[in-house]
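Single-structure report; data block below.
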Amino acid sequence: MSTGSGSSSSGCTRRARAKDILFRHRASRPRWTMHGTQTGDFLGAAPTGRRVSLRGNVFFGFRQDRVAGIRPVIDLAGLRAQLTTGR
């Protein structure tokens with residue numbers, strides 16, 4: 017599976033990894049997890065220096081061999097809980 021890493025102005029350094037990709041009929045669903053360290057303000061939380069993770073799926077619909085729709089589902093509540101209450 018693919019991986020990527022970097023930093024951004026969003027307050028986190030990050031590393032992402034695609035866990036698996038499910039293909040069915042005219043749709044696919046990559047499942048991924050991103051790990052990072054909170055180094056700046058993010059989602060209203062002050063910098064903590066904590067290692068956090070974010071999980072999600074992206075649903076792609078296809079029509080005539082082209083992407084016809086994209087719907088991300090991201091666990092922001094889980095990330096916010098890590099930033100505000102620890103682990």
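For the sequence shown, position 80 (counting from the first letter as 1) is numbered 96 according to the numbering used here, and the numbering increases by one without interruption.
Where is the CB? At the ideal position from N, CA and C, for every residue including glycine.
Buried or exposed: residue i, going by 16 or more other Cβ atoms within 10 Å of its Cβ?
| i | result |
| --- | --- |
| Q80 | exposed |
| G52 | buried |
| V68 | buried |
Output the distance between the C-alpha atoms of residue i and residue j, rounded to the nearest integer angstrom.
| i | j | result |
| --- | --- | --- |
| W178 | T64 | A query on residue 178 cannot be resolved here, the shown segment of the chain reaching from 17 to 103 and no further. |
| P46 | T100 | 28 Å |
| L70 | G94 | 7 Å |
| H41 | F76 | 11 Å |
| F58 | A97 | 12 Å |
How is residue i classed by DSSP in three states: helix, strand or coil?
| i | result |
| --- | --- |
| T49 | strand |
| Q98 | helix |
| L70 | strand |
Go through its chain and collect everything with a Cβ distance to residue i's Cβ below 7 Å, but skip five positions before and after it.
| i | result |
| --- | --- |
| G72 | W48, P88, V89, I90, D91 |
Going by beta carbon distance, what residues of the same chain come within less than 6 Å of residue i, once the five residues before and after it are set aside?
| i | result |
| --- | --- |
| V83 | F76 |
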